[in-house]
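Worksheet for the structure shown next.
Number of protein chains: 2
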Amino acid sequence: MTTPTPPADKGPADKAPRTERGRRTLRKLLDAAAIEFGERGFHEASITGITRRAGTALGSFYTYFNSKDEIFRALVDDLSGKVREAARSARQQDLPALETERASLTGFLRFASEHKEIYRIIDECEFVDPDSFRLHYRNTARRIHERLAEGIRKGELREDLGEAHAWAIMGMNVFLGLRYAVWSEDAGAEEVAELANSILREGIAKR
Amino acid sequence: MTTPTPPADKGPADKAPRTERGRRTLRKLLDAAAIEFGERGFHEASITGITRRAGTALGSFYTYFNSKDEIFRALVDDLSGKVREAARSARQQDLPALETERASLTGFLRFASEHKEIYRIIDECEFVDPDSFRLHYRNTARRIHERLAEGIRKGELREDLGEAHAWAIMGMNVFLGLRYAVWSEDAGAEEVAELANSILREGIAKR
Numbered sequence: 001m002t003t004p005t006p007p008a009d010k011g012p013a014d015k016a017p018r019t020e021r022g023r024r025t026l027r028k029l030l031d032a033a034a035i036e037f038g039e040r041g042f043h044e045a046s047i048t049g050i051t052r053r054a055g056t057a058l059g060s061f062y063t064y065f066n067s068k069d070e071i072f073r074a075l076v077d078d079l080s081g082k083v084r085e086a087a088r089s090a091r092q093q094d095l096p097a098l099e100t101e102r103a104s105l106t107g108f109l110r111f112a113s114e115h116k117e118i119y120r121i122i123d124e125c126e127f128v129d130p131d132s133f134r135l136h137y138r139n140t141a142r143r144i145h146e147r148l149a150e151g152i153r154k155g156e157l158r159e160d161l162g163e164a165h166a167w168a169i170m171g172m173n174v175f176l177g178l179r180y181a182v183w184s185e186d187a188g189a190e191e192v193a194e195l196a197n198s199i200l201r202e203g204i205a206k207r
Numbered sequence: 001m002t003t004p005t006p007p008a009d010k011g012p013a014d015k016a017p018r019t020e021r022g023r024r025t026l027r028k029l030l031d032a033a034a035i036e037f038g039e040r041g042f043h044e045a046s047i048t049g050i051t052r053r054a055g056t057a058l059g060s061f062y063t064y065f066n067s068k069d070e071i072f073r074a075l076v077d078d079l080s081g082k083v084r085e086a087a088r089s090a091r092q093q094d095l096p097a098l099e100t101e102r103a104s105l106t107g108f109l110r111f112a113s114e115h116k117e118i119y120r121i122i123d124e125c126e127f128v129d130p131d132s133f134r135l136h137y138r139n140t141a142r143r144i145h146e147r148l149a150e151g152i153r154k155g156e157l158r159e160d161l162g163e164a165h166a167w168a169i170m171g172m173n174v175f176l177g178l179r180y181a182v183w184s185e186d187a188g189a190e191e192v193a194e195l196a197n198s199i200l201r202e203g204i205a206k207r
């Protein structure tokens, strides 16, 4: 381990920023960590690499985190929240259920094309911190499941939809993002979201 | 590196087994590698761990592979082929297009529940050998795309289906496998495949 030893008397509870300046520093550290872990991977990434990218002193790092593992976990939680917000902010209130799915996927695809590093970070999380990996996908599926339940309540969606349908929709969205937002952008977010939405509207059979 | 140095004069072209006994040994090494990499991950896995599990001499390993990287790549190629075969052997010839998708997914889910290590190995491949990772998913999507094209030719599927629909279907299948074949088996392969197939048959809107 090349990681410097942090002060032993600080637990996570001490570490939430109390000032606006502290919040900005924490934000800089997390944004720098996304680049560092995204470009170098967990094992090659270093705390000094993160603080150099963030333009902060090493001491600032230990004000908020005890270790590379700890900022990685915080980053996955942060990115998970950003994915949620990218989908949520892309849709207006009271859209029909199918339009809600379309807007959520469009928002996610746009976010992924601007933050291509999220795939590598979330995927590496399966190995670095399996609990956070599962939590990210369980939470994402739960939100889709809640949207489906709302669509059923409004009488717009099939009444037999459940958790497995939410996982199916999440899988569609994740792989379309990998192919069309991260690997190559040969189709735009709206176009890809429409192709996926057409499956949810009518299936794939000829009418 | 703790890896013993292999004979330098042997290239991959020399290494295909020439006898039935050689094919059995190679099979034992790949099956052992699946367990070793699946349980320990690429970095912790060792060549001696593989040969011990396979019950072969260390020399047998170097008859077929030059390094841990090389057997990992061969294993991903082997597993990719097994996924293809699991889907193919589960479906009869000349099924209707939608039944072909259902049977393929059922076959994949059964395979994944018996070989839970494939997710970890394919996912870790993103970091160990990104080209093989992309090739596995590109090939899988291409096969789904070919099945969709065949369904269009037979007049059973929407004529506008293309590569993105194949990626959407692959994503559904991969995440349903992760959730219902690897993490927990609280729903059977047929049941999960039917839930996914209902999306492809009719979408999720109320009729």
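Protein chains in written order, with UniProt numbering: chain H, 1 to 207; chain L, 1 to 207.
Yeah, the Cβ is synthetic: ideal placement off N, Cα and C, and Gly gets one too.
Kindly give me the distance between the Cβ atoms of residue i and residue j, rounded to whole angstroms, as I take these residues to be in contact under 8 Å.
| i | j | result |
| --- | --- | --- |
| L:Glu163 | L:Ala97 | Contact doesn't hold; Cβ gap of about 17 Å is too wide. |
| L:Leu161 | L:Leu148 | 5 Å |
| L:Phe42 | L:Val128 | 5 Å |
| L:Ala123 | H:Glu126 | According to the sequence provided, residue 123 of chain L is Asp. The question's Ala does not apply to it. Yes, they are in contact, since the Cβ atoms of L:Asp123 and H:Glu126 sit about 6 Å apart, within 8 Å. |
| H:Leu75 | H:Phe37 | 7 Å |
| H:Arg110 | H:Ala189 | 5 Å |
Please determine, among the options, the residue with the shortest C-alpha to C-alpha distance to residue i.
| i | options | result |
| --- | --- | --- |
| H:Glu152 | L:Lys82, L:Arg207, L:Gln93 | One detail in the question is off: residue 152 of chain H reads as Ile in this sequence, not Glu. Answer by Cα proximity: L:Arg207. |
| L:Ala32 | L:Pro17, L:Arg18, L:Phe72 | L:Phe72 |
| L:Leu79 | L:Ile121, L:Arg110, L:Arg179 | L:Ile121 |
| H:Gly155 | L:Ile204, L:Gly41, L:Leu95 | L:Ile204 |
| H:Leu176 | L:Lys116, L:Arg138, L:Gly38 | L:Arg138 |
| H:Ile144 | H:Phe127, H:Arg84, H:Val76, H:Thr19 | H:Arg84 |
| L:Glu194 | L:Glu20, L:Thr19, L:Glu101, L:Val76 | L:Glu101 |
| L:Arg142 | H:Ala187, H:Glu146, H:Arg179, H:Glu191 | H:Arg179 |
| H:Arg158 | L:Leu58, L:Glu99, L:Lys28, L:Arg201 | L:Arg201 |
| H:Gly199 | H:Tyr119, H:Lys28, H:Glu99 | Reading off the sequence, residue 199 of chain H comes out as Ile, not Gly. Nearest of H:Tyr119, H:Lys28, H:Glu99 to H:Ile199, Cα basis: H:Glu99. |
| H:Gly81 | H:Thr140, H:Glu114, H:Arg23 | H:Thr140 |
| L:Tyr119 | L:Leu29, L:Lys28, L:Glu39, L:Arg23 | L:Glu39 |
| L:Arg52 | L:Glu70, L:Asp69, L:Leu29 | L:Leu29 |
| L:Glu146 | L:Arg88, L:Glu114, L:Arg21 | L:Arg88 |
| H:Asp131 | H:Leu58, H:Gly22, H:Asp69 | H:Asp69 |
| L:Leu114 | L:Gly22, L:Glu185, L:Val192, L:Arg21 | It should be noted that the sequence gives Glu, not Leu, for residue 114 of chain L. Nearest option by C-alpha distance: L:Glu185. |
| L:Asp77 | L:Leu95, L:Arg27, L:Ala187 | L:Arg27 |
Do residue i and residue j have their C-beta atoms closer together than 7 Å?
| i | j | result |
| --- | --- | --- |
| H:Ala90 | H:Ala103 | yes |
| H:Ala34 | H:Leu105 | no |
| L:Gly55 | L:Ala86 | no |
| H:Ser60 | H:Thr25 | yes |
Taking 6 Å as the line, does the beta carbon of residue i fall inside it for any heavy atom of the ligand MN?
| i | result |
| --- | --- |
| L:Arg88 | This structure does not include the ligand MN; it has no bound ligands of any sort. |
Can a CB atom of chain B be found closer than 7 Å to the CB of residue i?
| i | result |
| --- | --- |
| H:Ser89 | Of the protein chains in this structure, namely H and L, none is chain B. |
### Query
Along the stretch 96-129 of chain L, what residues have a CB closer than 7 Å to any CB found in chain H?
Leu98, Asp123, Glu124, Glu126, Phe127
### Query
Given 8 Å as the limit, is there contact between the stretch 161-177 of chain L and the stretch 166-174 of chain H, that is, 3 or more CB pairs closer than that?
yes
### Message
If contact is defined by three or more beta carbon pairs under 8 Å, each pair taking one atom from either stretch, is the stretch 41-48 of chain L in contact with the stretch 58-74 of chain L?
### Response
yes
### Task
Check distances from the C-beta atoms of the stretch 175-187 of chain L to those of chain H and list, in chain order, the residues that come in under 8 Å.
Those would be Phe175, Leu176, Leu178, Arg179, Tyr180, Trp183, Ala187, in chain order.
### Proximal residues, the stretch 186-207 of chain L versus chain H, C-beta separation under 9 Å
From the stretch 186-207 of chain L, only Ala187, Glu191, Val192, Leu195, Ala196, Ser198, Ile199, Leu200, Arg201, Glu202, Gly203, Ile204, Ala205, Lys206, Arg207 have a Cβ closer than 9 Å to chain H.
### Query
Taking Cβ-Cβ distances below 7 Å as the criterion, which residues of the UniProt domain "HTH tetR-type" (23-83) of chain H are in contact with chain L?
Gly41
### Near-chain H residues of the stretch 135-146 of chain L (beta-carbon distance less than 7 Å), N- to C-terminal order
none
### Query
For the stretch 153-166 of chain H, which residues have a CB atom closer than 9 Å to at least one CB atom of chain L, in sequence order?
Cβ contacts with chain L: Gly155, Glu156, Leu157, Arg158, Glu159, Asp160, Leu161, Gly162, Glu163, Ala164, His165.
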